[in-house]
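Position 428 (the sequence shown) corresponds to 427 in numbering that gives the first Met the number 0; numbering is contiguous.
Backbone N, C-alpha and C fix where the C-beta goes; we use that ideal spot for every residue, glycine too.
Just so it is clear, the structure is predicted and the values come from calculations on it, not from any experiment.
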Amino acid sequence: MNSKLTPSASMLNAQTPDSIQKLSTAIASLQTSPPPADVLPSQETLSKARATLVDVLPEQGAGLENTICHLTQDLGPALNASSRSATYYGFVTGGSTPAASLADNLVTHYDQNVQVHLPNETLATDIEDRTLTLLCSLLDFSPSQWPHRTFTTGATTSNILGLACGREYVIAEASAHRTDAEVSVGEQGIVEAMRLAGIDNIQILTTVPHSSLSKAASILGLGRSCVKCIGRTDAPHKFDMAMLQKHLSQPGAASIVAVSASEVNTGLFATSSFQEMQEIRRICDMYGAWIHVDGAFGILARLLPSTPQYETIKNCTTGLELADSITGDGHKLLNVPYDCGFFLSRHRSLAERVFANPNAAYLAAGAAADGIMSPLNIGLENSRRFRALPVYASLVAYGAAGYRDMLERQIALSRGIARYISSSEEFELLPVRGEDTDDVLGKIYIIVLFRAKKEALNQQLVDKIKASSKIYVSGTSWEGKPACRFAVSNWMVNVERDLPVVTQVLQDVAR
0 MNSKLTPSAS MLNAQTPDSI QKLSTAIASL QTSPPPADVL PSQETLSKAR ATLVDVLPEQ
60 GAGLENTICH LTQDLGPALN ASSRSATYYG FVTGGSTPAA SLADNLVTHY DQNVQVHLPN
120 ETLATDIEDR TLTLLCSLLD FSPSQWPHRT FTTGATTSNI LGLACGREYV IAEASAHRTD
180 AEVSVGEQGI VEAMRLAGID NIQILTTVPH SSLSKAASIL GLGRSCVKCI GRTDAPHKFD
240 MAMLQKHLSQ PGAASIVAVS ASEVNTGLFA TSSFQEMQEI RRICDMYGAW IHVDGAFGIL
300 ARLLPSTPQY ETIKNCTTGL ELADSITGDG HKLLNVPYDC GFFLSRHRSL AERVFANPNA
360 AYLAAGAAAD GIMSPLNIGL ENSRRFRALP VYASLVAYGA AGYRDMLERQ IALSRGIARY
420 ISSSEEFELL PVRGEDTDDV LGKIYIIVLF RAKKEALNQQ LVDKIKASSK IYVSGTSWEG
480 KPACRFAVSN WMVNVERDLP VVTQVLQDVA R
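Next up, the structure:
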């Protein structure tokens with residue numbers, strides 16, 4: 000046991016205003032401290048902190064003051080910088096804006112369980128619904144067109160919601176040709192519902208999908224093998240339209256079409272124009288298919304201005320409003336604390352058929368005149384953290400212009416990194432497109448994929464960059480070889496400050 004955590008008789012009912020003040024001071028100190036210089040703790044720091052972990056539950060607690068010291072002085076230094084650093088480019092990790100951080104502390108203080116809409120008792124569900132309305136406005140969606148909207152733990156959960164609604168929809172569409180009775184997976188189960196609908200299989204047709212899509216398919220009983228990539232051979236992230244129609248027309252098959260709004264390795268989008276998305280919608284309507292957009296971080300591109308430098312990216316998001324459902328992550332480009340995702344769907348009635356809590360009178364709120372649905376009946380969780388409050392605070396504090404500026408800075412840094420790599424003798428920008436530099440840079444969103452030209456360096460590239468502790472990148476693979484990926488997603492990005500740091504690290508590892 001950690002010697003610092005000397006057992007104390009101080010228990011919960013013995014906490015004083017002074018000890019609470021110390022807790023508040025500790026939190027305030029952390030919030031106002033400058034970002035850490037290193038993105039990763041040293042191995043020595045990790046080992047030292049690991050040795051302080053309490054391994055035997057004490058009979059008497061150590062008390063609040065000792066625990067504060069343990070958390071902030073022993074354990075805190077061994078956590079990576081991730082969202083606290085502007086130069087942490089791993090995964091797609093957003094930060095937490097000051098407004099969102101403040102609100103997240105208030106979430107803990109008020110500790111609302113946002114599950115049942117009780118407008119005469121709490122404002123929590125009103126705040127969540129209003130936040131989702133503001134979010135629709137930020138993304139240039141008409142809120143009235145997306146009546147099923149909710150916050151989730153992240154894009155993985157949102158993908159589960161999207162596929163669950165899609166599964167319900169395609170079975171209902173198929174069964175409508177066979178019976179007047181309602182056929183529902185929510186009521187009859189997937190085996191019986193598919194039998195009644197005359198469906199042999201449900202397929203998910205997509206291009207270079209995120210792994211969470213296959214995970215969602217597995218959880219929902221569709222199976223990972225139902226996810227089929229139908230990308231073009233010359234551009235795997237783009238739909239092969241002939242192949243799409245061929246799969247959709249297969250007898251006995253019901254289909255969910257998953258559109259990637261910024262693929263995780265390259266940042267490329269599955270569609271590039273309104274007309275392209277319109278054609279996908281037309282074909283899907285012919286065969287009763289559901290369109291789900293995985294827009295974990297790409298969906299934010301809709302708020303970019305209509306200017307030449309963003310034209311290519313913005314065109315990729317036009318027409319996404321034609322989908323049936325959309326997934327997004329709050330803890331990525333919205334820059335609110337983990338964990339936060341959101342889900343939008345056009346089909347409110349499907350939500351209740353799939354997610355309603357039956358036979359639980361104590362959870363019933365009754366019909367609300369304001370039209371707000373109880374969150375527990377339109378999503379996975381019955382017990383829910385007040386995830387809406389940090390999003391609400393950040394949207395109100397910074398507005399559309401603040402988020403637009405944030406995204407423009409992230410894109411500017413990404414393109415600055417890409418420009419350096421494309422002109423470097425040591426590295427190559429991926430994927431190789433055979434285009435001129437300006438065209439390539441115009442397609443860069445917030446992801447920069449690259450590798451070292453020398454095989455020996457490429458094998459160690461990610462580890463060497465991480466060892467600098469100045470920046471953090473993710474390792475991945477491209478065309479069977481190791482590759483490296485920048486994901487620029489923090490609200491604190493400053494191109495003039497951060498780009499020299501990145502280029503210096505890359506120069507150092509290449510020596």
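With H, G and I counted as helix, E and B as strand and the rest as coil, what does DSSP make of Cys-339?
coil
Under DSSP, the beta strand (DSSP E) around Glu-191 begins and ends at which residues?
No beta strand (DSSP E) holds Glu-191; the alpha helix (DSSP H) holding it covers 189 to 196.
Among Asn-314, Ala-252, Ala-466, Leu-406, whose alpha-carbon lies nearest the alpha-carbon of Thr-270? Asn-314
field: Whole runs of the alpha helix (DSSP H) within the segment 114 to 145, excluding any shorter than 4 residues
entry: 123 to 137
>> Along the chain, where does the alpha helix (DSSP H) containing Cys-315 start, and where does it finish?
In response: 310 to 316
Just the C-alpha distance for Leu-498 and Leu-412, rounded to the nearest angstrom, thanks. 7 Å
Query raised in the report: Thr-151 bridges to which residues according to DSSP?
Result: Gly-340
ask   = If we count Cβ pairs, one from each stretch, closer than 8 Å, do we get three or more for the segment 215 to 235 versus the segment 129 to 147?
value = no
>> Run through the DSSP bridge pairs and tell me what Leu-204 is partnered with.
In response: Lys-227, Val-256
- [ ] In the DSSP assignment, find the alpha helix (DSSP H) that holds Val-55 and state where it starts and stops.
- [x] Segment: none, Val-55 is in no alpha helix (DSSP H) and carries neither H nor E.
Could you tell me the alpha carbon to alpha carbon distance between Asp-199 and Pro-250, rounded to whole angstroms?
8 Å
Hey, could you find the ends of the beta strand (DSSP E) Glu-427 is sitting in? 426 to 429
ask   = How big is the Cα-Cα spacing for Thr-51 and Tyr-88?
value = 29 Å
| With distances taken between CB atoms, is the gap from Gly-340 to Ser-157 smaller than 9 Å? | yes
To the nearest angstrom, how far is the alpha carbon of Ile-464 from that of Ile-26?
32 Å
Roughly how many whole angstroms lie between the Cα atoms of Thr-306 and Tyr-391? 28 Å
Give me whichever residues DSSP pairs with Val-447 in a beta bridge.
Phe-485
- [ ] Could you check if Val-431 is buried or exposed, using at least 16 other CB atoms within 10 Å of its CB as the buried criterion?
- [x] exposed
Can Ala-417 and Val-447 be called in contact, C-beta distance under 9 Å?
yes
Could you check what DSSP says for Asp-17 in three-state terms: helix, strand or coil?
-> helix
- Message: Can you check which of these residues, Ile-410, Val-256, Gly-62, is closest to Tyr-309 by C-alpha distance?
- Response: Ile-410
> According to DSSP, what are the bridge partners of Asp-328?
Replying inline: Gly-340
Check: At which residues does the beta strand (DSSP E) containing Val-292 begin and terminate?
Finding: 289 to 293
Starting from the Cα of Leu-505, find the closest Cα among Ala-486, Lys-469, Gln-187 and give me that residue. Lys-469
Terminal residues of the continuous beta strand (DSSP E) containing Gly-474?
473 to 477
- Task: If I'm right that Leu-243 touches Lys-227 with Cβ under 8 Å, what's the distance once you round it to whole angstroms?
- Result: 10 Å between Cβ atoms; not a contact.
Euclidean distance between Cα positions of Ala-102 and Glu-454 = 47 Å
* To do: Work out the CA separation of Gln-458 and Arg-414 for me, nearest whole Å.
  => 24 Å
* Asked: For the segment 357 to 429, which segments carrying the alpha helix (DSSP H) assignment without a break, of at least 4 residues, lie completely within its bounds, in sequence order?
  -> 387 to 422
> Under a three-way DSSP split, which group does Phe-238 fall into?
Replying inline: strand
Whole-angstrom distance between Arg-450 and Gly-329, CA atom to CA atom: 29 Å
| said: Going by the DSSP bridge assignment, what does Tyr-88 pair with across the sheet? | reply: Paired residues: none, contrary to the question.
Query raised in the report: In three-state DSSP terms, what is Lys-465?
Result: helix
Q. Just to check, is the beta-carbon of Ser-217 closer than 8 Å to a non-hydrogen atom of the ligand NAP?
A. The ligand NAP is not part of the structure shown, which contains no ligands of any sort.
Problem set entry | Inter-residue spacing [alpha-carbon to alpha-carbon] between Arg-280 and His-147 | 20 Å
Q) Just how far apart, CA to CA, sit Pro-389 and Ser-211? A) 25 Å
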